[in-house]
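Report on the following structure.
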Amino acid sequence: MAEVLPFQGVRFNTDRITDPENVIAPPYDVIYEADRIALEKQHPNNIVRLTLSQPTDQDTDQNNQYTRAASSLRKWLQDGILLQDSKPCYYIYDQGFITPDGKDYIRRALVAVGKLHQFADRVILPHEKTLAAPKADRLNLMRQTHAQLSPIFLLYSDQEGIVEQEMEAFTQNHRPSMDLSEKFGSTHRVWKVDDITVGRRIRQSFVNKSLLIADGHHRYETALAFRDEMKAKKQDWSLQDPCNYVMMNLVCMESDGLAVLPINRLLHNLDPAVIQKAQNELISRFELQVFGDLDSLKSAQTKLANIKPSFGYYTGGSQFQLIIAQPPSQTESSLNRLDIKILHDQIIKNIFGIDTTVSEDQKKISYKANTEQAIESVSSGEFQAAILPNPTSVSQVYDVALEGETMPQKSTFFYPKLATGIAIHLMR
1283 MAEVLPFQGV
1293 RFNTDRITDP
1303 ENVIAPPYDV
1313 IYEADRIALE
1323 KQHPNNIVRL
1333 TLSQPTDQDT
1343 DQNNQYTRAA
1353 SSLRKWLQDG
1363 ILLQDSKPCY
1373 YIYDQGFITP
1383 DGKDYIRRAL
1393 VAVGKLHQFA
1403 DRVILPHEKT
1413 LAAPKADRLN
1423 LMRQTHAQLS
1433 PIFLLYSDQE
1443 GIVEQEMEAF
1453 TQNHRPSMDL
1463 SEKFGSTHRV
1473 WKVDDITVGR
1483 RIRQSFVNKS
1493 LLIADGHHRY
1503 ETALAFRDEM
1513 KAKKQDWSLQ
1523 DPCNYVMMNL
1533 VCMESDGLAV
1543 LPINRLLHNL
1553 DPAVIQKAQN
1563 ELISRFELQV
1573 FGDLDSLKSA
1583 QTKLANIKPS
1593 FGYYTGGSQF
1603 QLIIAQPPSQ
1613 TESSLNRLDI
1623 KILHDQIIKN
1633 IFGIDTTVSE
1643 DQKKISYKAN
1653 TEQAIESVSS
1663 GEFQAAILPN
1673 PTSVSQVYDV
1683 ALEGETMPQK
1693 STFFYPKLAT
1703 GIAIHLMR
């Protein structure tokens, strides 16, 4: 089944980088333009210069955003800004954070490389469908850098806690090689596991496991595409080629350190008549409750969780509505029992006429995890309506993946995103 191996990670040289909190960044796909500019100003070696290098009007096939990222990576390695560990290691990564509702978490991950598998092998399990454009962008970057700059976030089941026990024992007896806080609110501690005996036990623990992609479906499929390209090009290709592995952050799905938040749906580019008609349809098809503030709505919705599917609904003004659907039959598939699936099928598609699998309809829906920001974006007129689902649990995601199904896009937000810049996997 899964092959999870140590690797020679490339990491920032803390003898040269005395402020490592200024060189890490969120993943490329959640960085707004203002944040990117701020990160670049923050440090000349911020990882965003590699992950989100910018195009110019003068770009050519020989000089473009991807070749410039590759050039920067080579220079940082030559200058000793980045150092590659001398032998294969596992890494333990603790990310401390506070959720929007004020709860403290520490999410512990094992950083490793895992052998690539087609989804049909049922070793690596997806839970969401992907879009073509993000994969093309990441593939162009990988072709130039021959590096995986950010990890895939995967979950594994370990009810006996074997891997977590190994990591806990190691962290109790060793000092972290990185210990920092950053402006996005997380703390980061990293240990390098170069003990061969510990590494052997960790590797063996994953042999019979399947791994579930929590975040990074596009990057995983990009790694598959790059592997296939290299396999066709290289005469000395072997199964041990670095391109046949992808950098992973592996988190135990039974861990108390996992926080899963809902992702709100924001509707726009709709005829105002569609919004009015939708209100009438909602009244006729569902139970509706009305509240005078967001907190009251969220309280009522929380009480209904695991009893009936319910969705907050806001179109502006002082009224907040709660849409309550009939619970699905227990004979339905795991996918069809999900609140988020009911939302997409019965409301977004059947009432608003938005099919999120159709590219033209994707222009009518956006996503935002922060509920207060979602409400404000409707109040300001930027969007026409906000729909607020409950979170999907880890066990629900796993059940759907085990049945070979995929959920609607943006069904889960494993909060917070992993930092980029903790380690890099070179494929040379």
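Okay, so the sequence shown: first residue is 1283 according to this note's numbering, each after it adds one. Positions of the beta carbon are idealized from the N, C-alpha and C atoms, including for glycine. What you are looking at is a predicted structure, and each value in this text was computed from that prediction instead of being measured.
Query	Result
Is it buried or exposed, VAL1489, if we count other Cβ atoms within 10 angstroms and call 16 or more buried?	exposed
Is MET1530 near VAL1330, with beta carbons less than 9 Å apart?	no
From the DSSP output, which residues share a beta bridge with CYS1371?	PHE1289
Please list the terminal residues of the continuous alpha helix (DSSP H) segment that includes GLU1450.	1444-1455
What are the start and end residues of each continuous beta strand (DSSP E) run of 3 or more residues lying completely inside the stretch 1446-1534, in chain order?	1460-1463, 1469-1475, 1493-1497, 1527-1534
Between the beta-carbon of LEU1691 and the beta-carbon of GLU1511, is there less than 9 Å?	A small correction: the amino acid at residue 1691 is Gln; Leu does not occupy that position in the sequence shown. No, these two residues do not count as a Cβ contact at 9 Å.
For SER1537, which option in LEU1564, GLN1441, ASN1295, GLN1360 has the closest C-alpha, if you only look at C-alpha atoms?	GLN1441
My output table needs one value for LEU1620: the three-state DSSP class, helix, strand or coil.	coil
Give the DSSP-derived three-state secondary structure of ASP1627 in the structure shown.	helix
Could you pull out every residue in the same chain whose Cβ sits closer than 7 Å to the Cβ of ILE1657, ignoring the five residues on either side in sequence?	LEU1576, TYR1596, ALA1668
From this set, TYR1373, TRP1519, THR1613, LEU1436, which residue's C-alpha is nearest ARG1723's C-alpha?	Only positions 1283 to 1710 of the chain appear in this structure, which leaves residue 1723 out of reach.
Report the option in GLU1687, GLY1686, VAL1676 whose CA atom is closest to the CA atom of LEU1436.	VAL1676
Could you have a look at LYS1559 and say whether DSSP puts it in helix, strand or coil?	helix
First and last residue of the alpha helix (DSSP H) that includes SER1353?	1347-1360
Out of curiosity, what's the CA-to-CA distance linking GLY1594 and ARG1404?	36 Å
Where does the unbroken alpha helix (DSSP H) through ARG1425 begin, and where does it stop?	1414-1427
Taking only the alpha-carbon atoms, compute the straight-line gap between THR1638 and LYS1623 and give it to the nearest angstrom.	12 Å
Can you tell me whether GLN1486 is buried or exposed? The criterion is at least 16 other CB atoms within 10 Å of its CB, across all chains shown.	exposed
Do LEU1670 and ASN1546 have their beta-carbon atoms positioned less than 9 Å apart in this structure?	yes
Alpha helix (DSSP H) containing LYS1580: first to last residue?	1576-1586
Count Cβ pairs between the stretch 1600-1617 and the stretch 1553-1573 that sit closer than 8 Å; are there 3 or more?	yes
Just mark PRO1337 as buried or exposed, buried being the case when its beta carbon has 16 or more other beta carbons within 10 Å.	exposed
Under the DSSP definition of a beta bridge, which residues are partnered with THR1702?	ALA1307
Give the straight-line distance between the Cα atoms of PRO1308 and SER1616, rounded to the nearest whole angstrom.	32 Å
Please list, in chain order, all residues of the same chain as HIS1626 whose beta carbon is under 8 Å from its beta carbon, the five residues on each side excluded.	THR1638, PRO1690
Considering only the beta carbon of each residue, do ARG1619 and GLN1678 sit closer than 9 Å?	yes
Check each candidate in PHE1508, PHE1401, GLU1450, SER1368 and name the one with the smallest Cα separation from GLY1686.	PHE1401
Starting from the Cα of ALA1541, find the closest Cα among GLU1614, THR1702, PRO1673, PHE1289 and give me that residue.	PRO1673
Report the start-end ranges of each alpha helix (DSSP H) in the stretch 1622-1684 that is 4 residues or longer and not cut off at the edges.	1653-1661, 1676-1684
Which residue marks the beginning of the alpha helix (DSSP H) containing ILE1319, and which one marks its end?	1315-1324
What whole-angstrom Cβ distance do LEU1548 and SER1659 have, given they're in contact under 8 Å?	6 Å
State the DSSP-derived secondary structure class of ASP1403, mapped to helix, strand or coil.	helix
Report the rounded CA-to-CA distance for GLY1663 versus ASN1346, giving the unit in angstroms.	37 Å
Only counting the same chain, and skipping five residues up and downstream in sequence, which positions put a Cβ closer than 6 Å to that of ILE1706?	VAL1292, ALA1429, LEU1431
Quick test of your reading: ALA1351 and SER1335, contact by CB under 8 Å. State the CB separation rounded to the nearest angstrom.	4 Å
According to the Cβ coordinates, are PRO1288 and VAL1533 closer than 9 Å?	no
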